[in-house]
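Visitor: One structure, pasted below without further comment.
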Amino acid sequence: MKKRALISVFDKTGILEFAQFLNQKGVEIISTGGTYKFLKENGLSVKDVSEVTNFKEMLDGRVKTLHPNIHGGILAIRDNREHMDTIAKEGIETIDYVVVNLYPFFREVQTDKTFDEKIEFIDIGGPTMLRSAAKSFKDVTVICETEDYEKVMEEIENNGEVSFETKKDWLGRCLT
Numbered sequence: 001m002k003k004r005a006l007i008s009v010f011d012k013t014g015i016l017e018f019a020q021f022l023n024q025k026g027v028e029i030i031s032t033g034g035t036y037k038f039l040k041e042n043g044l045s046v047k048d049v050s051e052v053t054n055f056k057e058m059l060d061g062r063v064k065t066l067h068p069n070i071h072g073g074i075l076a077i078r079d080n081r082e083h084m085d086t087i088a089k090e091g092i093e094t095i096d097y098v099v100v101n102l103y104p105f106f107r108e109v110q111t112d113k114t115f116d117e118k119i120e121f122i123d124i125g126g127p128t129m130l131r132s133a134a135k136s137f138k139d140v141t142v143i144c145e146t147e148d149y150e151k152v153m154e155e156i157e158n159n160g161e162v163s164f165e166t167k168k169d170w171l172g173r174c175l176t
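Position one of the sequence shown corresponds to residue 1 (the UniProt record's numbering), numbered consecutively onward.
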């Protein structure tokens, strides 16, 4: 079964190299908005999240990933036959890596932006994807820190996958 990664990052530090590595390992990349544009402009094979959800981004980008085709692919327990039968019946494919870092809301509230501009930095989809991936950490690698890209690449290169211990260790910081 082909592995898939959902990448949606505000901080693009290191994401191009990381996504290139995943592509080279045969991982299909799904991405949103600015991340999609950035990866595509840099020559990466990447699928827009709207191709997975069959919905365009809406409400000025406020709704992109809040969809069963995304969260079903993250939350399905791989060794639960009923889960896998359900997503297969619905045409949902699993997502194996969730790479998300959030809008810098607390930094932005310190600026001289208007209140309405600051409100737009409240991230909804990002935390939701992180929590879905954390709940499914046995099957999904959740990556929320740019400095973790190197460790993921090292483990995939050496072991073919990210270890259970690493995935478990990263849970806490993706839930705060």
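The beta-carbon is built from N, C-alpha and C at its ideal position, and this holds for glycine as well.
Just so it is clear, the structure is predicted and the values come from calculations on it, not from any experiment.
Looking at the structure shown, is Asp139 part of a helix, part of a strand, or coil, going by DSSP?
Guide: Counted from its first residue, the sequence shown places residue 139 at position 139. Coil at Asp139, not helix or strand.
Visitor: For Lys56, collect the residues of the same chain with a Cβ closer than 7 Å to its Cβ; drop the 5 residues on either side in sequence, then sort them by chain order.
Guide: Reading the sequence shown from its first residue, position 56 is the one you call residue 56. Here the set comprises Ser50.
Visitor: For Ala133, count neighbouring C-beta atoms within 10 Å of its own C-beta (all shown protein chains included) and say buried if the count is 16 or more, exposed if not.
Guide: As a working note, residue 133 is residue 133 in the sequence shown. So Ala133 counts as buried.
Visitor: Does the stretch 148-160 touch the stretch 15-26, meaning 3 or more C-beta pairs lie closer than 8 Å?
Guide: With a cut-off of 8 Å, the stretch 148-160 and the stretch 15-26 count as touching, because enough Cβ pairs lie within range.
Visitor: Of all the options Asn23, Gln24 and Ser8, which has the alpha carbon lying nearest to the alpha carbon of Lys37?
Guide: By one-based count along the sequence shown, residue 37 stands at place 37. Considering only alpha carbons, the answer is Ser8.
Visitor: Of all the options Ala5, Asn54 and Asp169, which has the alpha carbon lying nearest to the alpha carbon of Ser45?
Guide: Counted from its first residue, the sequence shown places residue 45 at position 45. Ranking Ala5, Asn54 and Asp169 by Cα distance to Ser45 puts Ala5 first.
Visitor: May I ask which residues mark the beginning and end of the beta strand (DSSP E) holding Arg4?
Guide: Looking up residue 4 in the sequence shown gives position 4. Where Arg4 is concerned, the enclosing beta strand (DSSP E) stretches over Arg4 to Val9.
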